[in-house]
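From first to last, the protein sequence lines stand for chains A and B. Each residue of the first sequence is one higher than the last, beginning at 690 in my numbering. Each residue of the second sequence is one higher than the last, beginning at 690 in my numbering. Below: one structure, written as structure tokens.
Number of protein chains: 2
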Amino acid sequence: MREDARDAAARVNEQRLWQRHAEMAAIGAIPGNGVNRPALSPEDIQARKLLLSWATARNFTISADGIGNLFVRRPGTDANADPVLTGSHMDSQPRGGRFDGIYGVLAGFEALEAMDEAGVITRRPVEVVAWTNEEGGRFSPCTMGSMVFSGARSLADVLDVTDNEGTRLRDALAQTLAATPQAAQRAFKSPAAAYIEAHIEQGPLLENARNTIGVVTGIQGLRWFNIEVFGKTDHAGTTPLALRKDAVRDAIAIINALTDLTRDPHDITRFTVGRMLVTPNSPNSVASHVLFSVDIRHPDPQRIRELGEAVEPAARKAATVCDVKVIPTLHDDPCVFNPEVAGVIEAAAQTLRLPNMRLPSGASHDAMYMARLCPTAMIFVPCEHGISHNEAENATPADLAAGARVLTASLIELANR
Amino acid sequence: MREDARDAAARVNEQRLWQRHAEMAAIGAIPGNGVNRPALSPEDIQARKLLLSWATARNFTISADGIGNLFVRRPGTDANADPVLTGSHMDSQPRGGRFDGIYGVLAGFEALEAMDEAGVITRRPVEVVAWTNEEGGRFSPCTMGSMVFSGARSLADVLDVTDNEGTRLRDALAQTLAATPQAAQRAFKSPAAAYIEAHIEQGPLLENARNTIGVVTGIQGLRWFNIEVFGKTDHAGTTPLALRKDAVRDAIAIINALTDLTRDPHDITRFTVGRMLVTPNSPNSVASHVLFSVDIRHPDPQRIRELGEAVEPAARKAATVCDVKVIPTLHDDPCVFNPEVAGVIEAAAQTLRLPNMRLPSGASHDAMYMARLCPTAMIFVPCEHGISHNEAENATPADLAAGARVLTASLIELANR
């Protein structure tokens, strides 16, 4: 590791980083240590102003793009070099926690400050970005800011989305942008040399393995289906099993077949049946209809494609007497992060002697869209019992600081390439 | 077969029996060829009056007990001999059919008429009984008339039951009894030499086997359970399967185990999971709780006892990580009919060259309570596709007459023993 990277990592201030989480958690605080900070809300504006107040104190420059993504830049020696970006989001779930999203913004800002304090000079600028509306709790879809920035969707396409109160995104966005007039205008798809997003894991792998740093290798692919099983209702007492068209029985045969299909000794494949609706749902009536959901995820593009394609044939084969309808409802291809950026993160963790592991992300992140624009990877830190999207979400000051140290060292490495 | 039994069986009038079904079906007729004739309602009273008008025309004697069970007697030569009884009920489900219950009453009355017309003289009296409130659609519980007649429950116990409109059974009963003043008072538990109930099968076995007569060997035992599975909700994307407490997964493991437990190459055991409730019931959340119903039936007392006792241990063994609660909700012991009476029915069917089979009843009948008082069995005739408790309930005039012929011969045989 470069000496300046080691110095800057050592300057990461655990106490300051924790204190800033507390200040942000006060904006939109809800009972039980939770946070409700909807995208483009007054709370979001307050959080943006707080971030910019810290940036102004450091003389960092500020810009914002047309969807309200906010960029804080620490300059490099080559003003024409594409910047290295880091960041995440400041909006939260309606009953969210104090770390999901905001950690990536605060860890990025801590990295810039640590560099300043260590007197680090990089060739490329380093920027912290706060993406607009990652959660999608107020305006749909989620990961909207990075989606529009990356060009995956046009701004015009989302401006007329309304929230549950009928407020148009267009109006909430104009208010938000007006609240930070000091931000220069930033173009969509403005070039970046690399992107690293730090985030709490939202799963239990790091905690269970007693690792502090997760080197995130990608975001897994996802297939959703609704499977409908059409049977025939009959009297549970009088109808022999051989003469039934029992929709529950065939639904279970299908779920058993899908369990076999998705069985994975490495426990990487995720298979979940979370929703089941039975009709007429009476103890002494054979079911005439069952609808159940299938959620399958895998980080490998070929494996998730195979699994996705195998669902319908497996379901049809498993059904013994009922008619079956398989309806795909969601299809996200996996995102594989850049091995070089992941390697930089892993090397930083090892040099800093932080126990680490490679793992895929189970959930979606803005990094999914940034990966389309530039070499991208993520850093995970543990969260208590893997709980997230919940007031009970928790993380330790030491783990948050460790992640910020790895981030700082990695950004410096990339900003000099 | 006795010659007089053969003669009387031949006198069973298919056309008259079918016509009387049509007359009864007009009382409480609903769209789709269905019937709504609640117990102790004006329609029930009208049906009783119609039956008694036919009885009076034949000079049969009439009595009624305190719960409104109605008896029509054709005398024997020995006035002190206990009568042989046959019958069923005249009330229907709210959206019931034209045969369930009423067939047993009309077939019994047809038997009395056929005996009259054949000049048959029996030692014992033969009586047709119309049991009050077998369906339980208006007043709960079902099979109330035979339950009270047999002493399984006291009259006082049910008099204050109310229907959905708040009408007390006491008042509806008084009106019904007042409408048939010609009926002599009959004591509960008045002795009987034997009881045979004719009924549509309400299942598909006879139709599928192309048999006309079912010799019913008993009413199967029943065990109901609610099984609750307590898991923990988690993110479907981020939580490895090994770390989940997935209530759907364990519920299915339990259902698989119960399917194995109840597997029966003879297809006599009935096993139904008709009801499932999943919480939170969201596609990308691992289920924290599942409740499902278990309905197991078998005619053999020992087998149903074994099965009932095996449910909880099997469920506990099958659950891998979740907590399990097994709650028994219903427990009916099987009723085994009298082999001698069943033998008389079977012999009659064979002598009359009617294709027949032995089978247990999947549903409950008044015969269940009469079996406590005297030697009892039942005769089933086919119903179309096994459909019952439905306007679409159907049966053929020929099958109904065939059942009445077997009934007639059997009653004459028993009435001379």
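For every residue, glycine included, the Cβ atom is placed at its ideal position computed from N, Cα and C.
(message) For a quick check, are the C-beta atoms of D984(A) and N945(B) less than 9 Å apart?
(response) For the 9 Å CB-CB criterion, D984(A) and N945(B) do not form a contact.
(request) Starting from D696(B), follow the alpha helix (DSSP H) in both directions and report where the run begins and ends. (result) That run of the alpha helix (DSSP H) goes E692 to R700.
(message) Does chain B have any CB closer than 9 Å to the CB of H888(A)?
(response) Using a CB distance cut-off of 9 Å, H888(A) does not count as an interface residue toward chain B.
(message) With the cut-off set at 9 Å, would you say G755(A) and W820(A) are in Cβ contact?
(response) With contacts defined as CB atoms closer than 9 Å, G755(A) and W820(A) fail to qualify as a contacting pair.
(message) Tell me the DSSP secondary structure of N1045(B) in three-state form.
(response) The three-state reading of DSSP puts N1045(B) in strand, counting E and B together.
(request) Kindly list, in the order they appear in chain B, the residues whose Cβ is closer than 8 Å to that of A986(A). (result) First, the residue type needs correcting, since residue 986(A) is Arg and not Ala in the sequence shown. The answer, in chain order, is A925 and G926.
(message) Between M1046(B) and N900(B), how many whole angstroms is the CB-CB distance? I'm expecting something under 8 Å.
(response) Rounded, the Cβ-Cβ distance is 5 Å, consistent with contact.
(request) Show which residues of chain A have a CB atom less than 7 Å away from the CB atom of S982(B). (result) Residues of chain A passing the Cβ test: P972.
(message) Can you tell me whether A887(B) is helix, strand or coil according to DSSP?
(response) Strand.
(message) Once the 5 residues before and after T948(A) are set aside, which same chain residues still bring their CB inside 8 Å of it?
(response) Leaving aside the five residues that flank T948(A) on each side, the residues in its chain whose CB is nearer than 8 Å to its CB run, in chain order, F960.
(request) Return helix, strand or coil for R813(B), following the three-state DSSP convention. (result) Coil.
(request) Could you check what DSSP says for N915(A) in three-state terms: helix, strand or coil? (result) Residue state, collapsed to three classes: strand.
(message) Closer than 8 Å is the cut-off here; do at least three beta carbon pairs connect the segment 914-928 of chain A with the segment 973-982 of chain A?
(response) Put simply, the segment 914-928 of chain A touches the segment 973-982 of chain A. At least three CB pairs are less than 8 Å apart.
(request) Give the interface partners of Q891(A) over in chain B, defined as CB-CB distance under 8 Å, in chain order. (result) H924 and T927, listed in chain order.
(request) Taking only beta-carbon positions, decide if I944(A) is within less than 9 Å of chain B. (result) Yes, contact with chain B.
(request) Compute the distance between the beta-carbons of T958(A) and M690(A), then report whether it is under 9 Å. (result) With contacts defined as CB atoms closer than 9 Å, T958(A) and M690(A) fail to qualify as a contacting pair.
(request) Please list the segments of the beta strand (DSSP E) lying wholly inside the segment 967-998 of chain B, counting only runs of 3 or more residues, in order along the chain. (result) Assignment of beta strand (DSSP E) within the segment 967-998 of chain B, counting only whole runs of 3 or more residues, yields 978-987 in chain order.
(message) Only counting the same chain, and skipping five residues up and downstream in sequence, which positions put a Cβ closer than 7 Å to that of G840(B)?
(response) Once the five neighbours on either side are set aside, the close Cβ partners of G840(B) are F877 and K878.
(request) For N897(B), go through chain A and note every residue whose CB falls closer than 8 Å to its CB, in chain order. (result) Residues of chain A passing the Cβ test: L932.
(request) Sort G765(B), L894(B) and A1060(B) by Cα distance to V1030(B) and report the nearest one. (result) Of G765(B), L894(B) and A1060(B), the residue nearest in Cα terms is A1060(B).
(request) Give the interface partners of V837(B) over in chain A, defined as CB-CB distance under 8 Å, in chain order. (result) Result: empty, since nearest Cβ-Cβ is about 23 Å, beyond 8 Å.
(request) Starting from the Cα of D953(A), find the closest Cα among A694(A), G926(A) and I993(A) and give me that residue. (result) When only C-alpha atoms are compared, the closest one is I993(A).
(message) What does DSSP give as the partner residue(s) for S752(A) in the beta ladder?
(response) DSSP lists F760(A) and A873(A) as the bridge partner or partners of S752(A).
(message) In the DSSP assignment, the beta strand (DSSP E) including M779(A) goes from what residue to what residue?
(response) Counting along the chain, M779(A) sits inside no beta strand (DSSP E), nor does DSSP assign it H or E at all.
(request) Under 8 Å Cβ to Cβ from R737(A), same chain only, skipping five residues before and after it: list those, please. (result) For R737(A), where only same-chain residues beyond five positions count, the Cβ hits under 8 Å are L759, M779, A819, T865, A868 and T869.
(request) Could you tell me how far apart the beta carbons of I908(B) and H1054(B) are, in whole angstroms, since I believe they sit closer than 8 Å? (result) Right, their Cβ atoms sit about 6 Å apart.
(message) For the beta strand (DSSP E) containing I791(B), name the first residue and the last one.
(response) Note, I791(B): premise wrong, no beta strand (DSSP E); alpha helix (DSSP H) at I791 to A807.
(request) Would you mind reading off the limits of the alpha helix (DSSP H) that contains L706(B)? (result) Residues E703 to A714.
(message) 9 Å is my cut-off, CB to CB: does P990(A) come that close to chain B?
(response) For P990(A), the nearest beta carbon of chain B is not closer than 9 Å to its own beta carbon.
(request) Consult DSSP for F828(A) and reduce its assignment to one of helix, strand or coil. (result) In this structure, DSSP gives F828(A) a state outside helix and strand, which the three-state scheme calls coil.
(message) Considering Cα atoms alone, identify which of S835(B), P830(B) and F838(B) is closest to D849(B).
(response) Looking at the Cα atoms, P830(B) is the closest of the given residues.
(message) I believe A1090(A) touches V701(A) by the beta-carbon criterion, under 8 Å. Please report the beta-carbon distance rounded to the nearest angstrom.
(response) Indeed, because the Cβ distance is near 6 Å, the residues count as touching under 8 Å.
(request) Please name the residue or residues paired with V818(A) in a DSSP beta bridge. (result) In DSSP, V818(A) forms a bridge with F760(A) and G776(A).
(message) Does L729(B) come out as helix, strand or coil in the three-state DSSP assignment?
(response) It is coil, neither helix nor strand.
(message) Which same chain residues end up closer than 8 Å to T801(B) when comparing Cβ atoms and leaving out the 5 residues on each side of it in sequence?
(response) Here the sequence assigns Leu to residue 801(B), which means Thr is not the residue at that position. A distance below 8 Å between beta-carbons, with the five flanking residues on each side excluded, links L801(B) to the following residues of its chain, in chain order: R747, F749, V761, R763, V815 and V817.
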